[in-house]
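**Q**
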Amino acid sequence: MQKLTILVLICFSLNACNSSKKTENGSTISETKPSKPALQTETGRAALQKMMIPAHLWAADVQPIHLESQPSEESDGSDGKSAQWRSVWGSDSKRSAKSFSWSGSSTGDPNSRGITPGGEDSWSASNTSMQAFNFGFIKIDTDNALTVAQGKLAPKDKATKPVSYSLRFDPHENQLLWRVRFGEGDRFKTIDVDATTGKYVRTER
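Positions 1 to 205 (our numbering) are the ones given, in order, by the sequence shown.
(1) Under 8 Å, do S87 and P64 count as touching if we go by C-beta distance?
(2) Quick check: the Cα distance between C17 and S72, rounded to an integer number of angstroms?
(3) Tell me W178's beta-bridge partners as DSSP assigns them.
(4) Based on the DSSP secondary-structure assignment, which residues constitute the bridge partners of D121?
(5) Determine the contact status of V193 and L177, defining contact as a CB-CB distance below 8 Å.
(6) For L48, which three-state DSSP category applies?
(7) Please state whether DSSP places Q150 in a helix, a strand or coil.
(8) Within its chain, find whatever has a CB closer than 7 Å to the CB of S13; leave out the 5 residues flanking it on each side and keep chain order.
(9) Here's the rule I'm using: 16 or more other beta-carbon atoms within 10 Å means buried, otherwise exposed. How should I53 be labelled?
(10) Buried or exposed, going by whether 16 or more other CB atoms sit within 10 Å of the CB of I10?
(11) Considering only residues of the same chain and omitting the five flanking positions on each side of I140, which have a CB-CB separation below 6 Å?
(12) For S122, tell me which candidate among W58, D109, G104 and D92 has the shortest Cα-Cα distance.
(13) Hey, would you say the C-beta of G44 is under 7 Å away from at least one heavy atom of the ligand FAD?
(14) Quick one: residues in its chain with C-beta nearer than 6 Å to the C-beta of S78, no 5 flanking neighbours on either side, listed in chain order?
(15) Excluding sequence positions up to five away, which residues of its chain have a Cβ less than 6 Å from the Cβ of R187?
(16) Exposed or buried, L39, counting other C-beta atoms within 10 Å across all chains shown (16 or more means buried)?
(17) Rounded to the nearest angstrom, what separates S69 and S166 at their Cα positions?
(18) Report, in whole angstroms, the separation of the C-beta atoms of P110 and P37, which I expect to be a contact under 8 Å.
(19) Assuming K189 and R205 are in contact, meaning their beta carbons sit under 8 Å apart, how far apart are those beta carbons, in whole angstroms?
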């Protein structure tokens, strides 16, 4: 009797550990854990275009104000792309600005991938420090801006990482600029590239 009890307990344990399920017709379906999502990176213009759709759902007259990448260990920006981008959009009719983020990260919460809307702030189209611009002005993408910027670096600086990107309209020069930043903390160099013409503008240290 004791041996029979032990055998029953062993069988029960094996069934409990089995991760398979049976359908109504008796066939077995194995349960598998969801695989880790693959890393996805985008250039700045491509990421901004992805965020344009939900931005237009928020306000029909929306235009971009600012875009910036967020380098990480899995995506350091050295290829002109990033796995994380954050944008700010302005609506004159709403007199508000709203942020949107895009993520293609393979780490963290899978639900954070894709586009995430952010909060709203008051905004005026006459605010020159946060001037909106037409998406069509972006003729040069971040991978091209990186090539131009690297051409202005000393050989020893070309391998500097991470590389981050930001896009903003300069009202004083009437230019839409990609700001390509090499390094972080106190050791960095920023090179501005015209996002419409692709021409080098200046270097800031």
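Just so it is clear, CB atoms sit at the ideal spot from N, CA and C, and this is done for glycine as well.
All values derive from a computational prediction rather than experimental measurement.
**A** Quick answer:
(1) A Cβ-Cβ contact shorter than 8 Å links S87 with P64.
(2) Reliability of the predicted coordinates at C17 is poor, the pLDDT of 43 falling under 50, and the value obtained from them is presented with this limitation in mind. Roughly 38 Å separates the two Cα atoms.
(3) Per DSSP, L167 and V193.
(4) DSSP output for D121 lists A97 as bridge partner(s).
(5) Yes. Within cutoff.
(6) In this structure, L48 counts as helix in the three-state DSSP scheme.
(7) Residue state, collapsed to three classes: helix.
(8) Because S13 carries a pLDDT of 48, less than 50, the predicted location of this residue cannot be relied on, and the following value inherits that uncertainty. Nothing listed; no residue qualifies.
(9) I53 should be labelled exposed.
(10) The pLDDT assigned to I10 is 44, lower than 50, so where the model puts this residue is not dependable, and the model offers no usable value.
(11) Correct list, in chain order: A195 and G198.
(12) Of the candidates W58, D109, G104 and D92, the residue whose Cα lies closest to the Cα of S122 is D92.
(13) What this structure holds is no ligand at all, so the ligand FAD is not there to describe.
(14) The residues are K161 and V163.
(15) If we look at R187 and ignore the five residues flanking it on each side, it has no Cβ neighbours.
(16) Around the beta carbon of L39, a 10 Å sphere encloses fewer than 16 other beta carbons of the protein chains shown; the residue is thus reported as exposed.
(17) Looking at the two C-alpha atoms, the distance is approximately 6 Å.
(18) Yes, they are in contact, since the Cβ atoms of P110 and P37 sit about 6 Å apart, within 8 Å.
(19) Right, the Cβ-Cβ distance comes to about 6 Å (below 8 Å), so this counts as a contact.
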